[in-house]
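The structure under discussion appears below in the form of structure tokens.
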Amino acid sequence: MFEEIVRFIRQLYGNKDYIPLHAPCFIGNEKKYLNECIDSTFVSSVGLFVDRFEDMVAKYTGSQKAVVCVNGTNALHMAMLLAGVEPGNEVLTQALTFIATCNAIHYIGAHPVFIDVDKDTMGLSPTAMEHWLQTNAHIKGIDCYNKNTGRKIKACVPMHTFGHPVHLDKLISVCQKYHIELIEDAAESIGSFYHGKHTGTFGKIGVLSFNGNKTITTGGGGMLLFQDEELGKKAKHLTTQAKVPHRWEFIHDQIGYNYRMPNINAALGCAQMENLNIFLANKRETAEKYKEFFTSIEEVTFHTEPQNSQSNYWLNTIVLKNREKQQQFLEYTNEKGIMTRPAWQLMNKLKMFKDCEHDGLVNTQWIEERIVNIPSSVRINI
Ligand SMILES: *Cc1c(COP(=O)(O)O)cnc(C)c1O
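Residue numbers are given in numbering that gives the first Met the number 0: position 109 of the sequence shown equals residue 108, and the series is strictly consecutive.
Printed below as a string of structure tokens:
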């Protein structure tokens with residue numbers, strides 16, 4: 000069975016000896032824009048590509064404003080600050096995520112609380128969250144508190160795992176009921192839509208990542224998405240050292256951050272954005288091929304996009320029977336030069352977050368024991 004899968008993946012990716020999990024694809028104006036950038040000498044934190052990249056992403060996602068950051072992790076940090084998360088607050092999130100989500104919460108001095116995921120989305124479950132809140136939270140005035148710890152529950156950070164949108168309608172209604180701010184970690188989900196609306200545009204703030212392994216890349220990079228233009232302007236100010244605009248004076252009106260993406264990275268971003276729809280169509284085709292192939296493999300299920308959603312299929316995912324099969328599959332494929340990987344070690348199992356509160360995480364553990372990500376690069380120029 001494993002042999003058959005390896006043969007199929009090899010055939011899909013041009014019979015290469017080594018097949019990575021997700022390699023970037025440069026088939027457009029990348030070199031041209033990088034040259035323009037160097038010729039202009041504006042390679043650093045000022046330049047035309049920065050504004051252009053922000054406009055392109057704002058337009059594509061349907062956001063009022065988009066603000067670039069050096070990477071997705073500090074975009075998340077910025078999102079926490081701008082949403083008003085304060086030291087000692089609690090932030091609800093999932094344990095099945097990349098470390099950046101939790102690190103950003105910790106940078107603020109806030110405490111993550113891990114809520115279970117849904118099996119169909121593999122992202123934060125609104126049902127589990129409501130259930131946890133019913134037992135553990137109480138509302139005082141316009142704020143929500145944890146009955147056991149006495150801390151304010153300020154925000155909730157769902158993550159659209161591998162590009163699959165979480166159940167946003169239900170999540171929004173739970174957040175509203177309990178006065179909790181919604182921040183979307185959409186780092187993996189550029190090009191993913193829920194009811195036709197782009198992920199990262201449902202909450203107060205959304206965060207994208209353009210790291211080298213994501214659907215499009217700027218080398219390293221991130222973006223904040225806002226539906227409130229004023230908040231977006233505040234983000235621009237904070238991410239650029241809170242410098243008051245002036246032709247020669249250096250005056251700063253608060254503690255700011257040097258989180259702005261350099262022009263040279265934004266140049267790459269503009270070229271990548273021009274081809275995003277081509278990449279997405281190609282990734283969708285790959286997912287279709289996988290889906291069809293895996294119907295014939297009885298012991299494996301291919302994970303498909305949830306209802307009412309269009310996923311970017313950033314990382315294709317299969318579900319095996321149990322931990323033993325999962326480990327055997329990882330061993331076999333990596334031995335054969337096909338890069339596959341399990342989910343991240345769950346956040347509640349890492350030593351920094353092992354004492355954090357959680358709700359039992361039944362689905363989370365079920366998923367962690369069974370899933371494997373399989374090669375998912377855009378199949379153009381391979
Ligand atoms: C990639 C990613 C980020 C951001 O990572 P950076 O490398 O800092 O851009 C954040 N959250 C999740 C879930 C991610 O996958």
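Glycine included, each C-beta is placed from N, C-alpha and C at the ideal position.
Beta-carbon contacts of residue i that lie in its chain and below 8 Å, excluding the five residues immediately before and after
i: Val206; result: Gly71, Ala74, Leu75, Ala78, Ile182, Glu183, Asp184, Ala185, Ala186, Gly199, Gly221, Met222, Leu223 and Leu224
i: Glu298; result: Met0, Leu319, Lys320 and Lys324
i: Glu228; result: Gln63 and Lys64
i: Cys68; result: Ala74, Met77, Gly220, Gly221, Met222, Leu223, Thr238, Tyr258, Arg259 and Met260
Cut-off 6 Å between Cβ atoms - residues of its own chain near residue i, not counting five sequence neighbours on either side
i: His194; result: Asn307
i: Lys235; result: Val66
i: Thr160; result: Met121 and Gly122
i: Arg259; result: Ser44, Thr238 and Thr239
i: Ala109; result: Val84, Asn88 and Val90
i: Val112; result: Glu89, Leu91 and Glu356
i: Ile250; result: Val243
i: Asn257; result: Gln240
beta-carbon residue i near ligand 1 non-hydrogen atom, thresh 7 Å
i: Leu75; result: yes
i: Lys282; result: no
i: Glu187; result: yes
i: Gly221; result: yes
i: Gly71; result: yes
i: Met121; result: no
i: Tyr346; result: Before going on, a small fix: residue 346 reads as Met here, not Tyr. No.
i: Ser208; result: yes
i: Met260; result: no
i: Met158; result: yes
i: Asp50; result: no
i: Asp184; result: yes
i: Ala94; result: no
i: Ala99; result: yes
i: Lys213; result: yes
Candidates the options, of which the one nearest residue i by Cα
i: Ser376; options: His105, His357, Val69 and Met338; result: Met338
i: Trp131; options: Leu91, Arg246 and Ala266; result: Leu91
i: Ile4; options: Phe352, Thr332 and Thr96; result: Thr332
i: Leu230; options: Gly268, His245, Pro305 and Lys64; result: Lys64
i: Ile419; options: Phe192, Met158, Leu167 and Ile104; result: The question about residue 419 has no answer, for the chain in this structure spans 0 to 381.
i: Trp343; options: Thr96, Tyr32 and Lys118; result: Thr96
i: Ala270; options: Trp247, Thr216 and Ile18; result: Thr216
i: Ile265; options: Pro305, Tyr289, Asn34 and Lys288; result: One point to set straight first is that residue 265 is Ala, not Ile, in the sequence displayed. Closest option to Ala265, Cα to Cα, is Asn34.
i: Pro305; options: Lys118, Lys169 and Lys233; result: Lys118
i: Glu368; options: Glu334, Thr40, Gln327 and Arg322; result: Arg322
i: Lys288; options: Gly149, Asp54, Pro374 and Val69; result: Pro374
i: Lys30; options: Gly140, Thr134 and Gly268; result: Gly268
i: Ile114; options: Leu170, Thr294, Lys232 and Gly46; result: Leu170
i: Gly255; options: Lys233, Arg246 and Glu291; result: Lys233
i: Asn347; options: Asn102, Asp54 and Thr40; result: Asn102
i: Ile141; options: Met158, Ile296, Gln175 and Thr294; result: Gln175
i: Glu2; options: Phe352, Glu334 and Lys290; result: Glu334
Close Cβ partners of residue i (< 7 Å) along its chain, the five nearest in sequence each way excluded
i: Val42; result: Cys36, Pro261, Asn262 and Ile263
i: Ile379; result: Cys24, Ile26 and Asn281
i: His197; result: Thr60 and Gly61
i: Gly190; result: Thr214, Leu275, Leu279 and Asn311
i: Asn145; result: Glu89, Asn135, Ala136 and Ile152
i: Leu167; result: Tyr193 and Phe201
i: Asn147; result: Asn135
i: Arg283; result: Tyr312
Whole-number beta carbon distance between residue j and residue i, since they are thought to touch under 8 Å
i: His302; j: Thr285; result: In fact, because the Cβ distance is near 14 Å, the residues do not count as touching under 8 Å.
i: Val156; j: Gly122; result: The pair is not a contact, with the Cβ atoms about 11 Å apart (cut-off 8 Å).
i: Leu80; j: Asn372; result: 31 Å between Cβ atoms; not a contact.
i: Leu329; j: Pro341; result: 6 Å
i: Gly162; j: Asn274; result: Rounded, the Cβ-Cβ distance is 17 Å, inconsistent with contact.
i: Ala154; j: Cys143; result: Not quite, the Cβ-Cβ distance comes to about 10 Å (not below 8 Å), so this is no contact.
i: Leu345; j: Ala99; result: Contact flag wrong, Cβ pair sits at about 15 Å.
i: Phe52; j: Met272; result: 7 Å
i: Gly202; j: Asn210; result: About 21 Å separates the two Cβ atoms, so there is no contact after all.
i: Ile366; j: Val116; result: 7 Å
i: Ile138; j: Tyr106; result: Not really, about 27 Å apart at Cβ, beyond 8 Å.
i: Ala82; j: Glu180; result: 5 Å
i: Gly336; j: Tyr32; result: With 8 Å as the limit, Gly336 and Tyr32 do not qualify as a contact, their Cβ atoms being about 33 Å apart.
Any non-hydrogen atom of ligand 3 within 7 Å of residue i CB
i: Gly122; result: The model on display carries ligand 1 but not ligand 3.
Contact with chain B by residue i, beta-carbon distance below 8 Å
i: Met260; result: The question asks about chain B, but that chain is absent: this structure has only one protein chain.
- Report yes or no: do the region 3-18 and the region 240-251 share at least 3 C-beta pairs separated by less than 8 Å? Verdict: no, contact absent.
- Query: Can at least three beta-carbon pairs, one atom from the region 87-99 and one from the region 40-58, be found at a separation below 8 Å?
  - Reply: no
- How about the region 348-368 and the region 122-140: do they share at least three Cβ pairs that are nearer than 8 Å? Verdict: yes, contact present.
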